[in-house]
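The sequence shown: position 269 = 1077 (our numbering), numbered continuously. From the three backbone atoms N, C-alpha and C, an ideal C-beta is built for every residue, glycine too. Please read all numbers here as calculations on a predicted model, not as lab measurements.
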Amino acid sequence: MLEDRKSLEAVIRLNYIEKKGEKYQIHFSQSSENYYCLSSDSICARWKAGDLFWMDGDLIPISGPSRPDQFNFKAYLQNQNLIARLHWKRIAKIKSEATFKDLLVNYRNSLAQRIDSWPWAEKHKALYKALFLGLKGDLDSEMRQDFGAAGLMHVLAVSGLHLGMIYLLLQFLLKPLKALPYFRILNCILSIIGIWAFSFLSGAGPSVLRAATLFSFLAIGKAINRPGSGLSSVWASALVLLWFQPLLIRQLGFLLSYSAVIGILFLVPKMKAWHSFKFQPLKSVQELIYVSIAAQLFTAPISLNTFGSFPLYFLLANLLVLPLMSLIMYAGLLVLLLDPFPIFSFFRDSFPIALEYMSKISAWISSFPNAQIQWNISWFNCTLSYILLAYWLIHSRLSLKKFIALIMCLGIISYGQSLYQKMVTAQSLVIYSGNDRELVYRTGSTEYHLNAGEVKTSQRKLSSLPYIDQNLNIKEEKDQIILTSPLSVNSLILVNDQTQMEVKDSALVVYTGFSLEKEKAWQSYCQALNISFRSCRKGYLTIP
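Right, here's the structure in full:
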C-alpha cells in the first residue's frame, strides 16, 4: 500500500510537464503507478515528455478535502490515475524515449514558450494559451472565478466548441466543390484532415483529441448520410476512446464534453419545433439560445455534483461572447500561423483587444448579484436527473410546457434532497483533523465553530452559548476532549498525537492527529478494550 511506503528510489518516466506560473507541474510514472510533482527548480525548463530519470525521493499521500463542502482534489487526481505527490531529493536524467504522444506534449510546450515571448500583458498571454492550447496554468484565480461565475469556462479549453467552429469553417470553404463527383467522400476526408491539422497545431491536448475524434466520426456520419448518424457518431467516438483509454469514463472533461454534445443533438431539434424565426439574424440568436440551454442543462447535474455551483447568467454571457467567438478563433489561429513573419506583427499586437473584451464581459457578469449560486447535489440525484432527462426525451414529444415541467421536476427533486439532508443532519458534529481539535456543531441551519473548548470566532467560553451548553456537554480532562450529547453516540472522546493512552469507558474514541503510526496504535488499543474507534486523520469525520 502507498501509505506503507514513504520513499521511492527508481527509474521514472516523465509523461507530462506544464509551466504554471512560477512552478512546473510534472507527471511521472514508474511501472503502473503515476505521481505528480510541483517544482520551481529552473532545471525543469530543460525537461521534456519522454525523458527517463533516476530519482531518489519521498512519496507524499494526497490529502482529501479538509471540509465536507470542499472540492475533492484527491478524487480528481485519482481519476487521472495520479496516486501520490513526489518530492525528489536527488534526480538525474538518463536518456529520452519520446513517443508520438510525448512529441505532441513537447510541441505544445514549445508553442507556449513562443507565446510567452510576445509583447502582451501576462493576463492576455495566459488567456490566449487557454483558448488555443488548452493550457490554463497561468490563469490567475480572479480570471478563473470570473469565467466560472459567468458560465464561460467552456471557452477556456480547446475542445468541442473550438473544433466545431473549425468544422463549420471547413464546410464553408469546401462548399464550392459541391458539384464534384464523390463530393461527400472528398468533403469527409478533407474535413478530417483539417480537424486533425488544427488539433496538432494547437498542441493536441487531451480535450482537443477527444473533440477531434468526435468530429471525425461526425464527418463520417455525414458522408454516410444515414438518419440519426449524428448520435451514432457520438456513441461510436466514445466507444473508440474508451476502448483505448477505459479510465476516461472517470475524467470530468470526458463526461462534460459528451454530455453537452448529446444534449445539443437530442434537445435542440425538439426545441426548434416550439418556434423558429425566419429572419436570419433572429434565427441565429434563437439557435444560440437553444444550444446554450441544451448544453447547460445536460452538464448541470455533473457540475452541481462536482463543483456545487451554477452560473445563473450563463445565457447572457453566451449571447455576448459566443457570436464573436468564431471570429476570435479564426483571427487567433492566424496570429499563431503568421507569428514567424515579422511583417504581420501588427496583426498579432492588436489581437489582445479581443481578449480584453472577453475578460471584461466575464468580469462584468460575475459581478452581478448571485451570479454563481451554491447548490450541491448527490450522485443519486445526479443519476436520477439523467434518467428523467432520457425518459422525457425518448418517450414523449417535448413541448414547451413539458420542458418547463421537466426542469421544475428536476429542481424540486434536487431541492427536496437538500432539505432532507438538512433534516438528517439537523444535529451533527463535524470533527476536523488537527491537534487543535476543531469542531463544528450543527443544529438546523446554524453552525457553531469550536476549538479546544472555546468558541473560535469570539473566544468566549462554551457556557456563554446556552444552546450548546444544554445540548452538547464538553469538558477537557488531561489531554482529552470529552463530549456527551444527544447525538448518535452518548459519549465521545477526542484524542490527538499528544494524548496519553488512557481512556475510561467511552462509546467512541476519535483520533484527530496526523500520524499514521499513532492512528494504528490507538486503533489497536481500542480494539483490546472493545471500544469503538474512528479517525479523521485524512480530513474530517461527521458524527450524526
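Quick one, which of the options has its alpha-carbon nearest residue i's?
i, options, result
"S839", "I1301, L816, I1032", "L816"
"S1007", "T1114, I1000, V1016", "V1016"
"M1166", "L1124, A1027, L912", "L1124"
"K1168", "A965, L1128, Y915", "L1128"
"L1426", "I834, I868, R821", "The structure shown has nothing for residue 1426, since the chain only spans 809 to 1352."
"N914", "D948, Q888, D859, D924", "D859"
"I851", "K827, A929, Y843", "K827"
"L1075", "L1096, F1085, N1304, R922", "L1096"
"A1322", "N1304, W1330, L969, N1338", "First, the residue type needs correcting, since residue 1322 is Phe and not Ala in the sequence shown. When only C-alpha atoms are compared, the closest one is N1304."
"Q1053", "A818, Y1333, E1327, N887", "N887"
"E905", "L1047, T1021, F861", "F861"
"E950", "P1148, K909, S847, S1175", "S1175"
"T907", "C1334, L1112, L822, F1159", "L822"
"S1065", "L1055, A1046, M1079", "A1046"
"E830", "D924, N1189, I1339", "D924"
"F1122", "N1178, L1073, R1018", "N1178"
"R893", "W928, K882, Y843", "Y843"
"L1201", "K909, L1073, S1134, V819", "L1073"
"L1105", "L1060, S1067, L1130", "S1067"
"N1126", "K909, Q921, F1115, I1101", "I1101"
"K901", "V819, Q1059, T1320", "V819"
"M961", "Y1199, S1170, L1141, V1143", "S1170"
"P1089", "M1079, W1051, P1131", "P1131"
"G956", "A1336, Q1182, P927", "Q1182"
"N1184", "F1118, S1158, L1141", "F1118"
"Y884", "M1216, H895, S871", "S871"
"F1159", "S837, W926, V963", "W926"
Considering only residues of the same chain and omitting the five flanking positions on each side of residue i, which have a CB-CB separation below 7 angstroms?
i, result
"G1002", "I974, L978"
"L1163", "H932, L935, Y936"
"V1069", "G968, L1022, V1042"
"L1145", "none"
"S1040", "G1029"
"F1152", "L1146"
Tell me which residue opens and which closes the alpha helix (DSSP H) that residue i is part of.
i, result
"D1157", "1153-1158"
"W862", "Counting along the chain, W862 falls outside any alpha helix (DSSP H), though it belongs to the beta strand (DSSP E) covering 859-869."
"K909", "908-924"
"C1334", "1324-1336"
"A934", "930-941"
"S1007", "991-1009"
"R952", "949-958"
Within a Cβ cutoff of 8 angstroms, which residues of the same chain sit near residue i, ignoring the five residues on either side of it in sequence?
i, result
"A1031", "R992, I993, N995, C996"
"I825", "Y832, Q833, I834, H835, C852, W855, K856, A857, V913, N917"
"D948", "K931, A934"
"Y1138", "M973, L977"
"L1049", "R1018, T1021, L1056, F1062"
"I899", "F861, W862, M863, D864, G865"
"S799", "Residue 799 cannot be examined here, being either before or after the span of the chain that is shown, 809 to 1352."
"Y1098", "L1075, V1076, M1079, K1080"
So the beta strand (DSSP E) residue i belongs to, where does it begin and stop?
i, result
"Q888", "Segment: none, Q888 is in no beta strand (DSSP E) and carries neither H nor E."
"E826", "815-828"
"Q1180", "1180-1182"
"F1355", "Outside the shown range of the chain, which is 809 to 1352, sits residue 1355, and nothing can be said about it."
"F1341", "1341-1343"
"L985", "Segment: none, L985 is in no beta strand (DSSP E) and carries neither H nor E."
Which same chain residues end up closer than 6 angstroms to residue i when comparing Cβ atoms and leaving out the 5 residues on each side of it in sequence?
i, result
"A965", "G942, S1015"
"C1190", "P1109, N1113"
"S999", "L978, A1027"
"V1263", "Since pLDDT at V1263 reaches only 36, below the 50 mark, its modelled position is unreliable, and no value is offered."
"S1340", "L1316"
"S1266", "Confidence at S1266 is low in this model, with a pLDDT of 35, below 50, so its placement is unreliable and the value that follows should be read with caution. The answer is none, since no qualifying residue turns up."
"Q1059", "N887"
"D910", "A857, G858"
"N1338", "none"
Just verifying my parser: in three-state terms, what is the DSSP assignment at residue i?
i, result
"I899", "strand"
"N842", "strand"
"A965", "coil"
"F1074", "helix"
"Q833", "strand"
"L978", "helix"
"L1056", "helix"
"F881", "helix"
"I1301", "strand"
"S1186", "coil"
Counting contacts by CB-CB distance shorter than 7 angstroms, is residue i in contact with chain D?
i, result
"I1097", "Reference to chain D is not applicable here, since this structure consists of a single protein chain."
Segments of 3+ residues assigned as beta strand (DSSP E) that fall wholly inside the segment 1088-1145: Here the runs fully enclosed are 1117-1119.
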